[in-house]
Amino acid sequence: MFSSDEFCRYEAELLSTLDAPDTSGDDQLRAVLPLLGEQIQAHSAATQQHVDERLKDLREDANHGLGTVVEMVRELQLQHQKQMSEMHATLRGLLGFVMASSGPALNESDSPPPTSASASQSQSTPPVMSQDRDLSSCAERWREYKDGLRGGPSVEAMDAQWGAAWRADGKDRKHYERRMRIINKVKQLAVEKKVAERVAVVLLEHARNQLSNKSLAKLSEHIKDGRPLAYPDLSLGDL
Numbered sequence: 001m002f003s004s005d006e007f008c009r010y011e012a013e014l015l016s017t018l019d020a021p022d023t024s025g026d027d028q029l030r031a032v033l034p035l036l037g038e039q040i041q042a043h044s045a046a047t048q049q050h051v052d053e054r055l056k057d058l059r060e061d062a063n064h065g066l067g068t069v070v071e072m073v074r075e076l077q078l079q080h081q082k083q084m085s086e087m088h089a090t091l092r093g094l095l096g097f098v099m100a101s102s103g104p105a106l107n108e109s110d111s112p113p114p115t116s117a118s119a120s121q122s123q124s125t126p127p128v129m130s131q132d133r134d135l136s137s138c139a140e141r142w143r144e145y146k147d148g149l150r151g152g153p154s155v156e157a158m159d160a161q162w163g164a165a166w167r168a169d170g171k172d173r174k175h176y177e178r179r180m181r182i183i184n185k186v187k188q189l190a191v192e193k194k195v196a197e198r199v200a201v202v203l204l205e206h207a208r209n210q211l212s213n214k215s216l217a218k219l220s221e222h223i224k225d226g227r228p229l230a231y232p233d234l235s236l237g238d239l
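In our numbering, the protein residues as written are 1 to 239.
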């Protein structure tokens with residue numbers, strides 16, 4: 001049987017097959033490579049998309065953070081400008097107060113002696129006087145009350161000598177009442193803070209400059225309504 005022709009052919013084919021190189025692995029690799037390439041491409045695309053999305057998020061975070069920083073800087077600038085404006089307004093008020101205080105006050109010796117006719121008339125009729133409606137600071141208002149302005153009598157002196165007679169006009173009376181709230185507040189502050197009245201004027205001037213509406217009329221309304229006012233700290237604890 002082993003010497004038959006059929007066996008010999010089978011043996012020759014078997015030996016030929018065994019001697020031929022095994023290419024099955026290559027065939028499998030060739031079959032897998034396209035799939036592997038698709039998977040690598042898909043993974044690469046997903047990775048790139050993730051990177052792009054992350055970079056986008058980082059850019060948005062950076063832009064938001066930069067916007068926040070810019071907004072904070074802008075807010076600080078506005079606060080600084082406001083503080084400087086308030087400080088300048090206070091300094092202008094203090095300068096006006098110092099200049100007004102250094103001006104000549106009305107003394108009886110500065111006025112010529114009245115004639116007998118004028119003296120007789122002055123005893124029955126108060127002199128014509130109207131409070132200045134163009135004053136814009138507490139310092140000017142206090143000077144008008146204590147010393148008088150432009151050579152005129154002071155409000156304090158007119159009140160002492162004539163009472164309410166010199167301001168009998170309705171408009172003058174209302175104007176006087178509004179302004180006296182400021183004067184009385186100065187006196188009240190002087191007692192509460194234990195300072196001179198001139199220092200109390202500076203405190204109230206500072207408080208006026210903290211208001212959004214810095215007019216004397218608005219300050220008078222604040223005082224009338226009992227609303228709080230911001231005064232500078234006079235404490236020496238930090239010195």
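Backbone N, C-alpha and C fix where the C-beta goes; we use that ideal spot for every residue, glycine too.
Let me know if residue i comes out buried or exposed under the rule of 16 or more other beta-carbons within 10 Å of its beta-carbon.
i	result
Pro112	Caution is warranted here: a pLDDT of 45 is assigned to Pro112, below 50, making its placement in the model unreliable, and the coordinate value is therefore given only provisionally. By the neighbour-count rule (16 or more Cβ atoms within 10 Å), Pro112 is not buried but exposed.
His206	buried
Glu140	buried
Ile259	Outside the shown range of the chain, which is 1 to 239, sits residue 259, and nothing can be said about it.
Asn209	buried
Leu203	buried
Cys138	buried
Ala200	buried
Ser109	Model confidence at Ser109 stands at a pLDDT of 41, short of 50, so the residue's coordinates are unreliable; what they give is reported in the following sentence. Exposed: under 16 other Cβ atoms inside 10 Å.
Does the distance from the C-beta atom of residue i to that of residue j stay below 8 Å?
i	j	result
Val186	Glu197	yes
Ser154	Gly163	no
Gly84	Met129	Looking at the sequence provided, one finds Met at residue 84 rather than Gly. Contact: no.
Glu144	Asp132	yes
Glu156	Lys146	yes
Ala160	Pro126	no
Where does residue i fall in DSSP's three states?
i	result
Leu158	First, the residue type needs correcting, since residue 158 is Met and not Leu in the sequence shown. DSSP places Met158 in helix when its eight states are reduced to three.
Asn213	coil
Gln39	helix
Ser130	coil
Arg173	helix
Ser220	helix
Ala233	A quick correction: the sequence has Asp, not Ala, at residue 233. Asp233 falls in the coil class under three-state DSSP.
Thr125	coil
Asp52	helix
Val195	coil
Ala46	helix
Asp5	helix
Ser16	helix
Leu58	helix
Three-pair Cβ contact test at 8 Å for the stretch 166–180 versus the stretch 207–223: yes
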